[in-house]
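Q:
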Amino acid sequence: MEEKAINNEVVTRFAPSPTGFMHVGSVRTALYAWLFARKNKGTFILRIEDTDKEREVEGSIEHIQKSLKWFGLDWDEGPGVGGPHAPYIQSERLDLYKKYAEILIKKGLAYADPYTEEEIEKFRKEAEADKKPFLYREYRREDAPAWDGTRPLRFKVGELKRTAWNDIVWGELSAGPEALDDFILIKSDGYPTYNFAHVVDDIEMNVTHVVRGQEFISSTPKFLSLYEAFDIKPPFFVTTPPILGADGNKKLSKRDGAKDILEYEIEGYLPDAMLNYLAFLGFNPGGEKEIFTREELIDVFDLSKIQHKGAQWSDEKLNWMNKEHIKLLPSDEVKKYVLQYLPKEMQDDVIVPKIIPLIVERISKWGDIKEMLTKGELDFFYKAPEYEKNKLIFKNTLPEKTTENLSQAIEALKELKEDNFTVDNIKVALMKIADGLESRGELLHPIRFALSGLDKSPDPFTIAYIVGKNETLSRLQKAIE
RNA sequence: GGCCCUAUCGUCUAACGGUUAGGACAUCGCCUUUUCAAGGCGGUAAUCAGAGUUCGAUUCUCUGUAGGGUCACCA
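Oh and the first sequence: position 275 is 278 in the numbering used here, straight run, nothing missing.
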């Protein structure tokens, strides 16, 4: 056996199985492992655990990598980048597991399973009927045949004792001997089980901190018995709480509507905002600050401040956080994103820079721009709107009065030079008239409506400024007519 | 059923055994405003229950209750 590297370097890993897309739960686990590695200037490994060939979904490995890349969770070792422990795909490491299996066999700690699947199923049913947990070791036979690879290879658990260990998140944990059993190391198809393969790989890859979901707590005694069998000091365990669905307390799963993480990219969320939100779903550094950049997150991240209980997903808070992150973005970045979502014919060099602040104010994610488009909330910046005349009138104002007001407005705006046609100047000019009226709405509503044709829109001054003096005058003139 | 874990506003969470139990999202109200959005100010809202330890318990212990995880030739 290779001597474990003697240094203090932190090594974490993310080890998904390629059974489909990644959802927020797996990404958060990856994020915690990544944050911890980055904080400690350690190594973050991506390892693909494809030992269940039946469940494997075509294209998953690429999809996982794409997802991690979108988040900016870069891996130092793994598919695509290689590393000292390559390959990083378990199905390509079968010889290694076999080697470790031979060690156990030689030590008398592994044996071929003499039963058929049907027989075991019967045992399981019996246990269930007796309301007892199923423990294979109670049926262990001493006449096991030699392992030829066609039968499952089982671990022979030693002393049945209480297992106690320390988890960085949960503290002291322990479990009774019921948690120990003769579990399968290598399946009859030649592939190792998760229980076996991940331990071997974590040993081989010198993983120091195993970050994973709490569904693995109950099998940790099994893992520990393996480390003991190999006489290797186990890594630190870092167990993360589950992410719960928004409408209940069930763990978020693909079945319950957990989305492919790349859907969030399509919907126009910022990776840094997702990172921030995900990190804070189950972790809190203690202060009152909530918006963190990627670097700040690395700085404050602390494994011991991860929560113990599941946290409910909230689109609302994610949206809010995304908006906050949009505010943090430099303007050229914002422009780049907006252009991505704006149809070609709207990508006008003069108008776009002016309407960007208006857009940003009204959305929480880039995908919302599409909604604005379908609602026609941007069209009026480009062309004169169509509308029903009567909507032009403010409340009970007389049509004649409205016409008179608009005429006054036109006169006032004509006074403004092209160069002085700014939001502030327009506002001053129009307010002077509006303040002389019974209600400002008598003037401002018709103007806003004439310019936008919408019940809800930005203020008239801003629209006038954006469409320009000539267009403004022409729309107002049209309104009078 | 066995084993393991968890429990603070609706939600995410903060609080060396001593706080008017804090913040954020959501919600409600007000201000600003012709409308929308954004912004500002403010309100409603929580320690699961019961014992015990202690001068004092959200915090420590026990019991109960509720919820979650796990008991695969899945990870």
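Cβ coordinates follow ideal geometry from the N, Cα and C atoms, glycine included.
1) Can you tell which of GLU181, PHE304 and ASP151 has its C-alpha closest to the C-alpha of GLU486?
2) Express the C-alpha separation of SER256 and GLY313 in angstroms, rounding to a whole number.
3) Would you mind sorting ARG127 into buried or exposed? The rule is 16 or more other CB atoms within 10 Å of its CB.
4) I'd like the span of the beta strand (DSSP E) that includes HIS212, first residue to last.
5) On a CA-only basis, which of ILE48, LEU163 and TYR344 is nearest VAL84? Give me that one, please.
6) Does the contact criterion of 3 or more C-beta pairs under 8 angstroms hold for the stretch 162 to 177 versus the stretch 236 to 245?
7) Examine the Cβ distances between the stretch 316 to 328 and the stretch 112 to 128 and report whether three or more of them are shorter than 8 angstroms.
8) Scan the stretch 122 to 179 and note each continuous alpha helix (DSSP H) run of 4 residues or more that stays entirely inside, going in chain order.
9) Identify the continuous beta strand (DSSP E) that holds PHE464 and give its terminal residues.
10) Who pairs with ARG16 in a beta bridge, going by DSSP?
11) Check the DSSP bridge columns for TYR114 and list the partner residues they point to.
12) What's the call for VAL491, buried or exposed, on a 16-neighbour Cβ count within 10 Å?
13) Report the rounded CA-to-CA distance for PHE137 versus GLU52, giving the unit in angstroms.
14) Could you compute how far the alpha carbon of LEU479 sits from the alpha carbon of ASP302?
15) In the structure shown, what three-state DSSP assignment does PHE240 receive?
16) What's the C-alpha gap between GLU5 and MET208?
17) In whole angstroms, what separates the C-alpha of TYR91 from that of SER191?
18) Among LEU446, LYS357 and VAL426, whose alpha-carbon lies nearest the alpha-carbon of ASN399?
19) With DSSP run on the structure shown, which of helix, strand or coil describes GLN350?
20) How about HIS311 and PRO224: are their beta carbons less than 8 angstroms apart?
21) State the CB to CB distance for the pair PHE74 and PRO274, rounded to an integer number of angstroms; the pair is presumed to be in contact (CB under 8 angstroms).
22) Hey, ASN325 and ALA276: beta-carbon distance below 8 angstroms or not?
23) Decide if SER20 is buried, meaning its Cβ has at least 16 other Cβ atoms within 10 Å, or exposed.
24) In the structure shown, what three-state DSSP assignment does PRO195 receive?
25) Taking Cβ to Cβ, would you say THR46 is nearer than 8 angstroms to GLU95?
A: Looking at the atomic coordinates:
1) The structure shown does not extend to residue 486, since the chain spans only 4 to 484, so no value can be given for it.
2) 13 angstroms
3) exposed
4) 212 to 216
5) ILE48
6) These segments touch.
7) no
8) Look at the stretch 122 to 179 and you find no whole run of alpha helix (DSSP H) that is 4 residues long or longer.
9) Here PHE464 belongs to no beta strand (DSSP E); instead the alpha helix (DSSP H) covers 463 to 470.
10) ILE48
11) DSSP output for TYR114 lists ARG157 as bridge partner(s).
12) Residue 491 lies beyond the residue range present for the chain, which begins at 4 and ends at 484; the question has no answer from this structure.
13) 26 angstroms
14) 56 angstroms
15) strand
16) Residue placement at GLU5 is flagged as unreliable, the pLDDT there being 37, under the threshold of 50; the coordinate-derived value follows with that caveat. Roughly 11 angstroms between the two C-alpha positions.
17) Straight through space, the alpha carbons of SER191 and TYR91 are spaced by roughly 23 angstroms.
18) Relative to the Cα of ASN399, the nearest Cα in the group LEU446, LYS357 and VAL426 belongs to LEU446.
19) coil
20) no
21) Rounded to the nearest angstrom, the Cβ distance from PHE74 to PRO274 is 5 angstroms, consistent with a contact under 8 angstroms.
22) yes
23) In this structure SER20 is buried. Its beta-carbon is surrounded by 16 or more other beta-carbon atoms within 10 angstroms.
24) strand
25) The criterion of a C-beta distance shorter than 8 angstroms is not satisfied by THR46 and GLU95.
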